[in-house]
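Colleague:
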Amino acid sequence: MIFTAEQVACVCEVLLQSGYMDRLAGFLRTLPPPSSSSLSSFSGELESVLKAKATVAFHQGRFSDLYTLLEGFPFSPRSHPLLQQLWLQAHYIEAEGQRGRPLGAVGKYRVRRKFPLPNTIWDGEETNYCFKEKSRSILRKWYHHKPYPSTREKRELAVATGLTTTQVSNWFKNRRQRDRTTDVTGSEQQIFAPGILRRLMKPIRRNFYSFSGEPVKINSNDCVYKIIF
Numbered sequence: 001m002i003f004t005a006e007q008v009a010c011v012c013e014v015l016l017q018s019g020y021m022d023r024l025a026g027f028l029r030t031l032p033p034p035s036s037s038s039l040s041s042f043s044g045e046l047e048s049v050l051k052a053k054a055t056v057a058f059h060q061g062r063f064s065d066l067y068t069l070l071e072g073f074p075f076s077p078r079s080h081p082l083l084q085q086l087w088l089q090a091h092y093i094e095a096e097g098q099r100g101r102p103l104g105a106v107g108k109y110r111v112r113r114k115f116p117l118p119n120t121i122w123d124g125e126e127t128n129y130c131f132k133e134k135s136r137s138i139l140r141k142w143y144h145h146k147p148y149p150s151t152r153e154k155r156e157l158a159v160a161t162g163l164t165t166t167q168v169s170n171w172f173k174n175r176r177q178r179d180r181t182t183d184v185t186g187s188e189q190q191i192f193a194p195g196i197l198r199r200l201m202k203p204i205r206r207n208f209y210s211f212s213g214e215p216v217k218i219n220s221n222d223c224v225y226k227i228i229f
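Last residue of the sequence shown: number 229 in my numbering, and the count goes up by one each step with no gaps.
1. Residues in its own chain within less than 8 Å of G19 by CB, not counting five upstream and five downstream?
2. With H, G and I counted as helix, E and B as strand and the rest as coil, what does DSSP make of R101?
3. Just mark A105 as buried or exposed, buried being the case when its beta carbon has 16 or more other beta carbons within 10 Å.
4. DSSP state of R205, grouped into three classes?
5. My understanding is that L157 touches P147, with C-beta atoms under 8 Å, so please give their C-beta distance in whole angstroms.
6. Determine the contact status of A57 and L69, defining contact as a CB-CB distance below 8 Å.
7. Relative to the alpha-carbon of G61, which residue among F73, S76, W87 and K141 has its alpha-carbon at the smallest distance?
8. Alpha carbon to alpha carbon, what distance is there between R78 and S169?
9. Distance, Cα to Cα, K134 vs K141?
10. S18 lies in the alpha helix (DSSP H); which residues open and close that run?
11. Below 8 Å on the Cβ atoms is my guess for S48 versus E71; work out the distance and round it to an integer in Å.
12. Less than 8 Å between the CB atoms is what I'm expecting for F27 and L15, so what's the real figure, rounded?
13. Count the other CB atoms, across all protein chains shown, that sit within 10 Å of the CB of I121; report buried if there are 16 or more and exposed otherwise.
14. Report the three-state DSSP secondary structure of T30 (helix, strand or coil).
15. Please name the residue in T161, Y143 and F115 whose C-alpha comes closest to that of R176.
16. Roughly how many whole angstroms lie between the Cα atoms of T55 and L83?
17. Our contact map puts G162 next to H91 with C-beta atoms below 8 Å; I'd like the distance itself, whole angstroms only.
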């Protein structure tokens, strides 16, 4: 079956967004070399194929091929977030393999300094945790509107931000987790504030209060709580 350049690009994008790496790799193997294909005349369609090849190379651990692909073609800004992730994650994995241990924040920073993003996948815009601020802004606005987007909405957000559906899902999951942690911490601080703790306790005698059946002595001068067992 012969595909047009537009159809090839469409299939690559659909399989890429769906995360079907094995099927994507199989489809790419059926394509003729770019030099003998009409793809060479359409940079947009060629970009979709190269982006798909780069993603497959990453998942197969062929990092040298990945770097060559990313450095050899001027990708459009819409592809940058995904390709930047591939570039950085590949270098992180290689560094971890050499050191024999996971990288911490400092280790990852050193890797980024040693292997800066090539101009072919970076337009100079400041990034935050490898996501462009524009992409993060879109996700934050949607989160305030609806913190649990549907599968269809995640796909739409992936297209709008240039990320993969998995990256979008992980962003929302991590953001919800951070908010839950903040809420719990804030509640604990509020509950155990001296004034509120006093109101929760039942006075037994002067300076002694009962909380959950245990007598607690409160020194009002230095706000020190002494639990007497």
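Virtual Cβ for every residue (Gly too), placed ideally from N, Cα, C.
Modeller: Reading off the structure:
1. Locating residue 19 in the sequence shown gives position 19, where the first residue counts as 1. Counting only Cβ-Cβ distances below 8 Å, and skipping sequence neighbours, we find T164, T165 and T166.
2. Residue numbering aside, residue 101 sits at position 101 when the sequence shown is read from its first letter. In the structure shown, R101 sits in coil (DSSP, three-state: anything other than H, G, I, E or B).
3. Here residue 105 refers to the residue found at position 105 of the sequence shown. Result: exposed.
4. Here residue 205 corresponds to residue number 205 of the sequence shown, with the count starting at 1. At R205 the pLDDT is 48, less than 50, meaning the model places this residue with poor confidence; the figure from the coordinates comes in the next sentence. Reduced to three states, the DSSP call for R205 is strand.
5. In the sequence shown, counting from the first residue as 1, residue 157 sits at position 157. In the sequence shown, counting from the first residue as 1, residue 147 sits at position 147. So it is not a contact: roughly 13 Å between Cβ atoms.
6. Your numbering for residue 57 matches position 57 in the sequence shown. Your numbering for residue 69 matches position 69 in the sequence shown. Yes, they are a contact pair.
7. Here residue 61 refers to the residue found at position 61 when the sequence shown is read from its first residue. Nearest of F73, S76, W87 and K141 to G61, Cα basis: W87.
8. As a first step, residue 169 is located in the sequence shown; it is residue number 169 there, counting from the start. As a first step, residue 78 is located in the sequence shown; it is residue number 78 there, counting from the start. Near 18 Å, if we compare the C-alpha coordinates of R78 and S169.
9. Position 134 of the sequence shown, counting from 1, holds the residue named residue 134. Position 141 of the sequence shown, counting from 1, holds the residue named residue 141. Answer to the nearest angstrom: the Cα atoms are 11 Å apart.
10. Counting from one through the sequence shown, the residue named residue 18 turns up at place 18. Where S18 is concerned, the enclosing alpha helix (DSSP H) stretches over A5 to S18.
11. On the sequence shown, residue 48 is found 48 positions in, with the first residue counted as 1. On the sequence shown, residue 71 is found 71 positions in, with the first residue counted as 1. Contact flag wrong, Cβ pair sits at about 18 Å.
12. Here the question's residue 27 lines up with position 27 in the sequence shown. Here the question's residue 15 lines up with position 15 in the sequence shown. Confirmed, Cβ separation roughly 6 Å.
13. Along the sequence shown, one-based indexing puts residue 121 at 121. Classification for I121: buried.
14. Locating residue 30 in the sequence shown gives position 30, counting from the first residue. Correct three-state label for T30: coil.
15. What you label residue 176 is simply residue 176 of the sequence shown in a count that begins at 1. It is Y143 whose Cα lies nearest to the Cα of R176.
16. Taking the first residue of the sequence shown as position 1, residue 55 is located at position 55. Taking the first residue of the sequence shown as position 1, residue 83 is located at position 83. Cα-Cα distance, rounded: 8 Å.
17. Translated into positions along the sequence shown, residue 162 becomes position 162. Translated into positions along the sequence shown, residue 91 becomes position 91. With 8 Å as the limit, G162 and H91 do not qualify as a contact, their Cβ atoms being about 20 Å apart.
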